[in-house]
Amino acid sequence: MHVSIAPHMRRAESVQTIMISVIIALVPAFAGSLYYFGVRSLFLVCASIIGSVGTEWLVNAALKKPRTIKDASALITGVLLAFTLPPDLSPWMATLGGMFAIGVVKTAFGGLGNNFLNPALAGRAFLTVSYPAAMTHWSAPLNGTLSGFPWNVEGLTSATPLAYFKHAALSGNYHPLVFKNALANLFWGNCGGCIGETSALLLLLGACFLWYKRIIGFSIPFLFIGTVFLGFWVTSGTGRFFSTQALIAPLYQVLSGGLMLGALFMAGDPATSPITLPGKAFFGFGCGLLTLIFRKFGGYPEGVCYAILLMNCAAPLIDRGTRPRIFGEVKTRE
Amino acid sequence: MFGRFGFRGGIFPRLHKERTEGLAIERLAAPPRVVLHMAQHIGSPAIPIVKRGDRVLIGQTVGEAAGMLSSPVHSPVSGTVASIGAFAHPSGMHGTAIEIENDLAEASAEKILFDKPWKESAPGEILQIIASAGIVGMGGGAFPTHVKLSPPSHKPVDTLIINGVECEPFSTADHRLMVEKIEEILSGSLMIKKILAAKTVYFAIGSHNAEAIRVVSAALNDPKFKDISLSALKTKYPMGSEKQLVYSLTKRTVPRKGTPVDAGCMVQNVATARAVHLAVSEGIPLFERVVTVSGPAIRSPKNLWVKVGTPLRFVLEQCAMDPAIAKKIVTGGAMTGMAQSELDAPVLKSTAAILAFGGDGPPASYNCISCGACVRACPMRLVPSRLAKFVNKNLIADARSQGVVDCIECGSCAYVCPAKINLVHFMKLGKYWVDKQQKEPEVRSGHDR
Numbered sequence: 009m010h011v012s013i014a015p016h017m018r019r020a021e022s023v024q025t026i027m028i029s030v031i032i033a034l035v036p037a038f039a040g041s042l043y044y045f046g047v048r049s050l051f052l053v054c055a056s057i058i059g060s061v062g063t064e065w066l067v068n069a070a071l072k073k074p075r076t077i078k079d080a081s082a083l084i085t086g087v088l089l090a091f092t093l094p095p096d097l098s099p100w101m102a103t104l105g106g107m108f109a110i111g112v113v114k115t116a117f118g119g120l121g122n123n124f125l126n127p128a129l130a131g132r133a134f135l136t137v138s139y140p141a142a143m144t145h146w147s148a149p150l151n152g153t154l155s156g157f158p159w160n161v162e163g164l165t166s167a168t169p170l171a172y173f174k175h176a177a178l179s180g181n182y183h184p185l186v187f188k189n190a191l192a193n194l195f196w197g198n199c200g201g202c203i204g205e206t207s208a209l210l211l212l213l214g215a216c217f218l219w220y221k222r223i224i225g226f227s228i229p230f231l232f233i234g235t236v237f238l239g240f241w242v243t244s245g246t247g248r249f250f251s252t253q254a255l256i257a258p259l260y261q262v263l264s265g266g267l268m269l270g271a272l273f274m275a276g277d278p279a280t281s282p283i284t285l286p287g288k289a290f291f292g293f294g295c296g297l298l299t300l301i302f303r304k305f306g307g308y309p310e311g312v313c314y315a316i317l318l319m320n321c322a323a324p325l326i327d328r329g330t331r332p333r334i335f336g337e338v339k340t341r342e
Numbered sequence: 002m003f004g005r006f007g008f009r010g011g012i013f014p015r016l017h018k019e020r021t022e023g024l025a026i027e028r029l030a031a032p033p034r035v036v037l038h039m040a041q042h043i044g045s046p047a048i049p050i051v052k053r054g055d056r057v058l059i060g061q062t063v064g065e066a067a068g069m070l071s072s073p074v075h076s077p078v079s080g081t082v083a084s085i086g087a088f089a090h091p092s093g094m095h096g097t098a099i100e101i102e103n104d105l106a107e108a109s110a111e112k113i114l115f116d117k118p119w120k121e122s123a124p125g126e127i128l129q130i131i132a133s134a135g136i137v138g139m140g141g142g143a144f145p146t147h148v149k150l151s152p153p154s155h156k157p158v159d160t161l162i163i164n165g166v167e168c169e170p171f172s173t174a175d176h177r178l179m180v181e182k183i184e185e186i187l188s189g190s191l192m193i194k195k196i197l198a199a200k201t202v203y204f205a206i207g208s209h210n211a212e213a214i215r216v217v218s219a220a221l222n223d224p225k226f227k228d229i230s231l232s233a234l235k236t237k238y239p240m241g242s243e244k245q246l247v248y249s250l251t252k253r254t255v256p257r258k259g260t261p262v263d264a265g266c267m268v269q270n271v272a273t274a275r276a277v278h279l280a281v282s283e284g285i286p287l288f289e290r291v292v293t294v295s296g297p298a299i300r301s302p303k304n305l306w307v308k309v310g311t312p313l314r315f316v317l318e319q320c321a322m323d324p325a326i327a328k329k330i331v332t333g334g335a336m337t338g339m340a341q342s343e344l345d346a347p348v349l350k351s352t353a354a355i356l357a358f359g360g361d362g363p364p365a366s367y368n369c370i371s372c373g374a375c376v377r378a379c380p381m382r383l384v385p386s387r388l389a390k391f392v393n394k395n396l397i398a399d400a401r402s403q404g405v406v407d408c409i410e411c412g413s414c415a416y417v418c419p420a421k422i423n424l425v426h427f428m429k430l431g432k433y434w435v436d437k438q439q440k441e442p443e444v445r446s447g448h449d450r
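If you read the protein sequences in the order shown, they are chains L and G. Under the working numbering, the first sequence has 147 at position 139, and the numbering climbs by one with no breaks. Under the working numbering, the second sequence has 369 at position 368, and the numbering climbs by one with no breaks.
Structural data, given as structure tokens:
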């Protein structure tokens, strides 16, 4: 007879079912990347998966540990890493990124749950530092333009929407109607950028599925995106807050540069974000604040990747500071 | 923040009560032998006062209380004492027990009745009857009731809560007791109220139990029960847990190292209240109880009157346990119960349910992914994943300072954990090592990895 400790009922959800749900949530964005960038994205995704899953398998085999690839977390890391890569990247670089993400950031620290940095983002940071030119070379989607604008600006064929926006803001070239069309393109995904991050709509679809399944919470994504939006909104420079003029900058910032991907799928990674609800809220706010600072005052038009990585480092400290008060505790915490 | 559910945390498992909630309590066939453990309660085990070969009658005291925190044991059958020795106990260990061969004559010992109505007796006299009747907490805690009903005089109790919530899945023993024996329960509640000199009496029932709510509110129309008020609480596990129940009903918080008495409240299970009534009004000591037998591997689930000491094997046979499916037998409850290794172990005074499960055994556990589900589920507002990690790495002092001893072992955390980590195991281990290190500070915790 089986003898095991209480409780004798468990809920059906497991790590595996959670991972499968996340993969399903990423399928719309993957389909979008195929549509907008063609077969290049397929190669990138496959190369990245080979790097991540392969490395995990190799490390498990070499260290004679149980095989963990069946929990699908390495697969997700591979897919998410690929989504943050520019479409023209050589696939072997994606494999290298996957190897770093899993080999160094995850397995070297003890595997699932023990990493202190988001593996996909750490892999991307590794690639950006190692191959800066390749990682910042963008090309237009198959049926659209790089910036989402209906035309290509001379001399700026390598600009992403954010870089273009910065240029337009500096040169004072604000044309609301044009920007509105561009925003629509940004929302659908018809613009330049990394292969998985372009379409806000498809990412939101996936996130809605995860919200329905109660796998991701609301605090991190909403606070992250909300902080960036609010930050750009109140500093838009125009006096009237509810004008189109004032809303263009925040909307543009929110819809481009990997913010949606980062806020919905990367920042909420449970192993690297705080475990309590107030902790998660602060984490989301911190990510948003850092992204805001990087984009506004830094030279780097993107900022999401490093903002999340920095907050990952702060997560244990946030956890310590947001310990819940034990039921029955009357005055001060021990 | 606490919303309509009364307390934060908790879970909503499938209750599976539809299997047995409509079944009236049947009387289990007389068992051929009973095994009466001396340690059926918190405190010192009772001391046997019969010897091998003695003839005993129903209700006769066979084990007397040993000290302040103890309780006597009475025979539920008439027959002959077959042996006194070490027998399997549902806790997994062995303990001294008296084995009695049932002569099936159903001969009762003389009942000792009050010579005057209980309402005119002093609380002390009623407590005496409760003590000699061997009544212990029948919700599962098995704390000697006469001790619980004697709080220190500087901690008066003004609120009595009769706990009919029964939030554990599968269990319907209290449900049927409320539907069928409500007058006796309410009478017992009034007796307890008199002993405590309480001012308010709440009768707590879970919202999943519409039938009991109907029956109890009808019964409370009787003017002699006017001091008792019905409280239907929206069901959430573990609403029946004392601290959560006290908070939900009175908004008072039981302090960390305390009991409900520190908040001026006391919680008593409905079966305990009925046992008090039987002892005081009819002179019947505690030797039988209602047990729900259910679970996926039981072909005919039932609610049964079971005599204390009936071997589990006998009860399960009467309920057509399917041996092909049954892999795990649990006594107590699905969330907090003990899995059994020997079916010769008997039913105790505190065994509320016997459940038979199938399945492949406990699932393999993964690494903790820090998803936070356990933090959301914990009704004591602990961080179970972190406590488990501390215990796992021998950081007992850290575990203690972050509240491992506050864990009520309800199982909510392990229920929700997607990595299937045995969190309750680590809590129990942590508590054990905290206790041990407090008594023997030099001992290093042996949980070395």
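Beta carbons: idealized from backbone N, C-alpha and C, even for Gly.
Asked, Found
"Chain L within 7 Å of Pro460 of chain G, Cβ atoms only", "What is shown of chain G runs 2 to 450, which leaves residue 460 of chain G out entirely."
"Continuous beta strand (DSSP E) stretch holding Phe358 of chain G: start and end", "354-358"
"Limits of the unbroken beta strand (DSSP E) element including Thr97 of chain G", "95-103"
"For Phe8 of chain G, the three-state DSSP class (helix, strand or coil)", "coil"
"Integer-rounded CB distance, given that Ala132 of chain G should sit under 8 Å from His147 of chain G", "4 Å"
"Beta-carbon proximity check, Thr97 of chain G vs Ser295 of chain G, cutoff 7 Å", "no"
"Option in L:Gly311, L:Pro286, L:Gly111 with minimal Cα separation from Cys295 of chain L", "L:Gly311"
"Leu161 of chain G: first and last residue of the uninterrupted alpha helix (DSSP H) it sits in", "Note, Leu161 of chain G: premise wrong, no alpha helix (DSSP H); beta strand (DSSP E) at 160-165."
"Whole-number beta carbon distance between Pro15 of chain L and Tyr416 of chain G, since they are thought to touch under 8 Å", "5 Å"
"Cα-Cα separation, Thr280 of chain L to Ala37 of chain L", "23 Å"
"Rounded straight-line distance, which links the Cα of Ala353 of chain G to that of Gly165 of chain G", "13 Å"
"Chain G within 7 Å of His16 of chain L, Cβ atoms only", "yes"
"Residue closest to Ile113 of chain G, alpha-carbon to alpha-carbon, out of G:Ala106, G:Gly142, G:Leu178, G:Ile130", "G:Ile130"
"Nearest neighbour of Ala346 of chain G, chosen from G:Gly64, G:Ala31, G:Ala87 [CA to CA]", "G:Ala87"
"Straight-line Cα distance separating Leu285 of chain L from Arg331 of chain L", "10 Å"
"Below-7 Å beta-carbon distance, Val61 of chain L vs any chain G residue", "no"
"Bounding residues of the beta strand (DSSP E) (the contiguous stretch that carries Tyr203 of chain G)", "201-207"
"For Asp327 of chain L and Gly287 of chain L, the rounded distance between their alpha carbons", "6 Å"
"Supposed contact pair Gly276 of chain L and Gly225 of chain L - C-beta distance, whole angstroms, cut 8 Å", "7 Å"
"Where Thr165 of chain L sits in the DSSP three-state scheme", "Residue confidence is low: Thr165 of chain L scores 47 on pLDDT, short of 50, so the model does not pin down where it sits. No coordinate-derived value is stated."
"is_contact[Pro73 of chain G, chain A] using C-beta, thresh 7 Å", "Here chain A cannot be found, since the structure's protein chains are L and G."
"Delimiting residues of the alpha helix (DSSP H) encompassing Ala33 of chain L", "23-45"
"Any 3 or more C-beta pairs closer than 8 Å across the stretch 219-238 of chain G and the stretch 262-281 of chain G", "no"
"Partner residues on chain L for His426 of chain G, Cβ-Cβ distance less than 7 Å", "Ile13"
"Residue burial classification, Asn423 of chain G (beta-carbon count within 10 angstroms, cutoff 16)", "buried"
"Pro145 of chain G - DSSP class collapsed to helix/strand/coil", "strand"
"For Met274 of chain L, the three-state DSSP class (helix, strand or coil)", "helix"
"Beta strand (DSSP E) segment containing Phe335 of chain L, residue limits", "Where Phe335 of chain L is concerned, there is no enclosing beta strand (DSSP E), given that its DSSP letter is neither H nor E."
"Endpoints, beta strand (DSSP E) assigned at Arg290 of chain G", "289-295"
"Chain L contact for Ala143 of chain G (CB, 7 Å cutoff)", "no"
"Which of helix, strand or coil DSSP assigns to Phe88 of chain G", "strand"
"Nearest residue (CA-CA) to Thr173 of chain G, options G:Ala272, G:Gly80, G:Thr251", "G:Ala272"
"Collapsed DSSP secondary structure at Ala192 of chain L in the structure displayed", "helix"
"C-alpha gap between Gln245 of chain G and Leu305 of chain G, whole angstroms", "29 Å"
"Classification of Thr236 of chain G by the beta-carbon crowding that lies within 10 angstroms, buried from 16 upward", "buried"
"Minimum Cβ-Cβ distance from Cys414 of chain G to chain L less than 7 Å", "no"
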